[in-house]
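Undergrad: Just passing along the structure, written as structure tokens.
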Amino acid sequence: MPTRLTLRPGFLLSFVLLLAIGVAGLAYAVSSVTGHDARDEQVTAAQQRAELLAQTVFAPRLQAHLSGFDAAALRPLDAAALAADRSGDLDSLAVWDPRGRIVYAPDHAQIDRTYRPPQAVADAFQGQTVVTTPDGPSGPLDHTSGKQIEVVVPLFARGAEKPHAVLDAHVPYGPVAAEVSRRTHRIDLILLGAALLFLAGVWPRLLSASRALRERDDPRRRTVLRELRRALDEQQLELHYQPKVDLRSGEVASVESLVRWNHPREGLVGPDRFLPYAASSELIGPLTVHLIELALRDCSGWRSQGVSAGVDVNLDAANVLDPQLPREVERLLAKWALPARAIGFEVTEAAIQADPDKAAGVLRELADMGARLAVDDFGTGYSSLAVLRELPVREIKIDRSFVAGLTQDAADETIVRSTIGLAHDLELEVVAEGVEDEQTLRRLAELGCDQAQGWYFSRPLRLDALMAWFERPAIGAETGEPASPIGA
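Residues 703 to 1190 in this note's numbering are what the sequence shown lists, from first letter to last.
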């Protein structure tokens, strides 16, 4: 048996790590931009508040003079400073004149004292508002700690071109940092959510890629494919056939071909031990063409002996996407002098789902030349109704998992009955797979099933055994009595 395919943790881990690094880098870049924008917004807002305070409160009351304030003159200035402080918009405040004298401060003891003004105060006397973000105290009256926003607003006397004083306001930076953090955190969460959605979307493809890498490096796979190529050259493959019996007449409508490998060391090998490897390699195309030729060769042989049964071949997902397949089938039909209706192709819903449009094109070409098409394992996929609507199929095969429980499970009987009714409404024939007892056979006939296949009639047979089976009467679908000989 082939070794079980496992995922390559290194491949998946590397992808996830790269994705995490990419998301982290993107989050850092976006957060930096967002944080910078948020900081600029907050600093601009602080500047606007300081300018509003200066223009509405301090500039009008300092028009006439900058000294000699009594308690009545200081009261509105104190009220404005106190309101700004309580609102959280102010840590400290002072009004300076050009000589470094304190014109006003909430601590009245500082009024009329002279200090060396901060650089921002000196710069504001040029007539423009100055905004800085020092990491600590920037002046003699600034007793705050940590980062802050310093806004220095020039105050002009009436008609003056140069400021006669400046308002030096220190705004706390904490709210700004909190807003920046809030925005960047939100951006980080959005990016994390987007990354998780992206990972969920690509995870199936990652698993497929990981399996593909695992298969490519699998020594067992390489050995099987190498020996299978030799098997094609040395004619080591043979077909066994299982009849599909018409439940109305008891005759054989067609037989399904099932490949076996006469391995030189291991004997007769079933398809489960080599087809999965071939299906994921470029060998699947030549292998399928070879099997079609074997089927048509054998079909030509029994038709020459008066048996009218057709032959059915299973197609893989890669086959239904191969635009050359119809040409190969046409060539082989001509080689064995058989009509197109002699061959049928069985395809599963899963095989079509990889590229439904392309698969539909290939299958339509086969149908147009007259080949019969059947949907195998019907009911086990996710797009059964779409398949029946969009593809030129002539029959559906009910999966054995539903047929096996037909006489014991009411749900299975409901599924089988509904499927038969749906197929007949669409003018399709129905084949039941996995029929193993007479009770199931009779119930299928009562439900109107057209054909049946399973060990009740025959297990898969070599060509010589099939020819001998053709000489025996098939079991009558209605009575259980022998019907007329097949091919008679």
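A virtual CB, placed ideally from N, CA and C, is assigned to each residue, including glycine.
Return helix, strand or coil for Arg801, following the three-state DSSP convention.
TA: Residue state, collapsed to three classes: coil.
Undergrad: Just reading off the beta strand (DSSP E) that Ile1100 is part of, what are its end residues?
TA: Its beta strand (DSSP E) spans residues 1097-1100.
Undergrad: In whole angstroms, what separates the C-alpha of Thr758 from that of Gly903?
TA: Approximately 58 Å, taken between the alpha carbons.
Undergrad: Check whether the segment 1065-1079 touches the segment 1088-1098, counting contact only when three or more Cβ pairs, one atom from each stretch, lie closer than 8 Å.
TA: As far as the Cβ criterion goes, the segment 1065-1079 touches the segment 1088-1098, which means the pair count is three or higher.
Undergrad: Quick one: what's got a C-beta closer than 7 Å to Ala1190's C-beta in the same chain, skipping five residues either side?
TA: Note that Ala1190 has pLDDT 33, beneath the 50 cutoff, so the model's placement of it is unreliable and the number below is only indicative. Cβ within range, chain order: n/a, list empty.
Undergrad: Along the chain, where does the alpha helix (DSSP H) that runs through Ile1122 open and close?
TA: Where Ile1122 is concerned, the enclosing alpha helix (DSSP H) stretches over 1112-1127.
Undergrad: What does the alpha-carbon distance come out to for the pair Ala1036 and Ala896?
TA: For Ala1036 and Ala896, the distance between alpha carbons rounds to 56 Å.
Undergrad: What residue range is occupied by the uninterrupted beta strand (DSSP E) comprising Arg1145?
TA: Here Arg1145 belongs to no beta strand (DSSP E); instead the alpha helix (DSSP H) covers 1140-1148.
Undergrad: Starting from the C-beta of Asp844, find all residues in its chain whose C-beta is less than 7 Å away, skip the five residues before and the five after it, and write them out in chain order.
TA: Excluding residues within five positions, the ones whose Cβ falls inside 7 Å are Ser794, His872.
Undergrad: Classify Pro789 as buried or exposed, calling it buried when 16 or more other Cβ atoms lie within 10 Å of its own Cβ.
TA: Per the sequence shown, the amino acid found at residue 789 is Ser instead of Pro. It counts as exposed.
Undergrad: Where does Lys1099 land, buried or exposed, given buried means 16+ other C-beta within 10 angstroms?
TA: It is buried - the Cβ of Lys1099 has at least 16 other Cβ atoms within 10 Å.
Undergrad: Can you tell me whether DSSP reads Arg1074 as helix, strand or coil?
TA: If DSSP states are grouped into helix, strand and coil, Arg1074 belongs with the strands.
Undergrad: Does the Cβ of Arg1145 have 16 or more other Cβ atoms within 10 Å, making it buried, or fewer, making it exposed?
TA: So Arg1145 ends up on the buried side.
Undergrad: In its own chain, which residues sit with a C-beta less than 6 Å from the C-beta of Lys849, not counting the 5 before and 5 after it?
TA: Taken in chain order, the residues that qualify are Asp837, Tyr875.
Undergrad: Taking the beta strand (DSSP E) that Gly1012 belongs to, which residues open and close that run?
TA: 1012-1016 is the span of the beta strand (DSSP E), which, as asked, contains Gly1012.
Undergrad: Determine the direct distance from the alpha carbon of Met1071 to that of Asp1024, and round the result to whole angstroms.
TA: Using only the alpha carbons, I get a separation of about 16 Å.
Undergrad: Alpha carbon to alpha carbon, what distance is there between Ala786 and Ala752?
TA: Looking at the two C-alpha atoms, the distance is approximately 9 Å.
Undergrad: Can you tell me which of the three DSSP states Lys946 falls into?
TA: Correct three-state label for Lys946: strand.
Undergrad: Is any beta-carbon of chain D found at less than 9 Å from that of Gly1063?
TA: In the structure shown, chain D cannot be found, because there is only a single protein chain.
Undergrad: Which value, in whole angstroms, describes the spacing of the CA atoms of Leu927 and Glu1140?
TA: For Leu927 and Glu1140, the distance between alpha carbons rounds to 41 Å.
Undergrad: Hey, how far is the Cα of Val1089 from the Cα of Glu743?
TA: Their Cα atoms are separated by approximately 58 Å.
Undergrad: With DSSP as the reference, label Ala955 as helix, strand or coil.
TA: Residue state, collapsed to three classes: strand.
Undergrad: Let's see if you can read the secondary structure: which residues bound the beta strand (DSSP E) around Gly1003?
TA: From DSSP, Gly1003 is part of no beta strand (DSSP E) but of the alpha helix (DSSP H) over 986-1005.
Undergrad: Report the CB separation of Leu1108 from Val1118 in whole angstroms; it is logged as a contact under 8 Å.
TA: The pair is a contact, with the Cβ atoms about 6 Å apart (cut-off 8 Å).
Undergrad: Report, in whole angstroms, the separation of the C-beta atoms of Gln765 and Arg860, which I expect to be a contact under 8 Å.
TA: Contact holds; Cβ gap of about 6 Å.
Undergrad: Please confirm whether Val954 and Val1015 have their CB atoms less than 9 Å apart.
TA: In this structure, Val1015 does not lie closer than 9 Å to Val954 by Cβ.
Undergrad: What do you reckon, are the CB atoms on Ala933 and Trp963 nearer than 9 Å?
TA: Yes.
Undergrad: Which whole-angstrom value is the C-beta distance of Ser1160 and Gln944, which I expect to be below 8 Å?
TA: Going by Cβ atoms, the distance from Ser1160 to Gln944 rounds to 6 Å, so yes, they are a contact pair.
Undergrad: With which residues is Val868 paired in a DSSP beta bridge?
TA: Val868 pairs with Trp798, Pro856.
Undergrad: Using only alpha-carbon positions, find the residue among Trp1038, Ser847, Val991, Ile1045 that is nearest to Ala1020.
TA: Out of Trp1038, Ser847, Val991, Ile1045, Val991 has the C-alpha closest to the C-alpha of Ala1020.
Undergrad: At the level of alpha carbons, what is the spacing between Tyr979 and Ala1056?
TA: For Tyr979 and Ala1056, the distance between alpha carbons rounds to 18 Å.
Undergrad: Within the same chain, show all residues whose beta-carbon is closer than 7 Å to that of Ala1042, passing over the 5 residues directly before and after it, in chain order.
TA: Taken in chain order, the residues that qualify are Leu1035, Met1071, Gly1072, Ala1073.
Undergrad: Measure from the alpha carbon of Glu1138 to the alpha carbon of each residue in Leu1163, Glu984, Val1105, Gln1153, then state which is nearest.
TA: Looking at the Cα atoms, Val1105 is the closest of the given residues.
Undergrad: Could you check which residue in Leu1149, His810, Val797 has the C-alpha nearest to that of Ser1120?
TA: Ranking Leu1149, His810, Val797 by Cα distance to Ser1120 puts Leu1149 first.
Undergrad: Could you spell out where the beta strand (DSSP E) holding Glu1131 opens and where it closes?
TA: Note, Glu1131: beta strand (DSSP E), 1131-1134.
Undergrad: What separation, rounded to the nearest whole angstrom, lies between the Cα atoms of Asp948 and Phe976?
TA: Between Asp948 and Phe976, the C-alpha separation is close to 32 Å.
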